[in-house]
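What follows is one structure encoded as C-alpha cells, with my remarks underneath.
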Amino acid sequence: MHDRDRPGTRWTSGRPVPGPHPSSGGVARSDPDGLDAAAAALDHIADDLADDTALVGPAAPVPGFAAGTAATAWEDAMARATREHAEHTASTASALRAAATSWRAADDDAAAAFAGRAS
3 MHDRDRPGTR WTSGRPVPGP HPSSGGVARS DPDGLDAAAA ALDHIADDLA
53 DDTALVGPAA PVPGFAAGTA ATAWEDAMAR ATREHAEHTA STASALRAAA
103 TSWRAADDDA AAAFAGRAS
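Pasting the structure below:
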C-alpha cells in the first residue's frame, strides 16, 4: 500500500482533491491549487536540504574509516550531492508553479472562449 492510500497520511489529510469544480460563472474550472501546495512543500524540503548541506563537514576520525584526503573527498561528495538534491527539489517546485500558472491561464482562455455560448 502506498502512503497516499493510507488514511491519515499527508496525502489523505482531508485537503480537497484538485479537479473540476463549478465557478461563480457556471463554468467548470480546474483547480491547480494542489500543484501550488506541492510546490510549497517542495520548497520547504529544498530549504531543509540546503540547511543540511552545512551540516556535512569534517567529523572526528573513526578508526577503520577513511581519513585525510579520502575523508575530505567523501565529505565534499556528500555536500555536493545534498546541494544538488536541494537544487533539483527547488527546480521541481518551480516547474510545478509554472504548470499551475499555465493551467490557470488555459482555464481562463477556455472560459473566455466559451463565454456567452453556454445556455
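Position one of the sequence shown corresponds to residue 3 (our numbering), numbered consecutively onward.
By construction, the Cβ of each residue, glycine as well, lies at the ideal position given by its N, Cα and C atoms.
Quick caveat, the model's predicted, so the values are computed rather than measured.
Taking 8 Å as the threshold (C-beta atoms), are residue j and residue i in contact?
i   : j    : result
R99 : D38  : yes
A81 : T103 : no
Count the other C-beta atoms from every protein chain shown that fall within 10 angstroms of the C-beta of residue i, then say buried if there are 16 or more, exposed otherwise.
i   : result
T91 : buried
A88 : buried
A57 : Ala is not the amino acid found at residue 57; the sequence shown has Leu there. Exposed is the call here.
Among residues of its own chain, excluding the 5 on either side of residue i, which ones have a beta-carbon nearer than 6 Å to its beta-carbon?
i    : result
A198 : Residue 198 lies beyond the stretch modelled for the chain, which goes from 3 to 121, so this question has no answer here.
R85  : T55
Which one of the options has the shortest CA to CA distance from residue i?
i   : options                : result
A83 : R119, A43, A42 and L51 : L51
Quick one: what's got a C-beta closer than 8 Å to residue i's C-beta in the same chain, skipping five residues either side?
i   : result
A48 : A88, E89, T91, A92 and A95
Take residue i and list the residues in its own chain whose beta-carbon comes closer than 7 Å to its own, dropping the five residues that flank it on each side.
i    : result
R106 : P34
G70  : none
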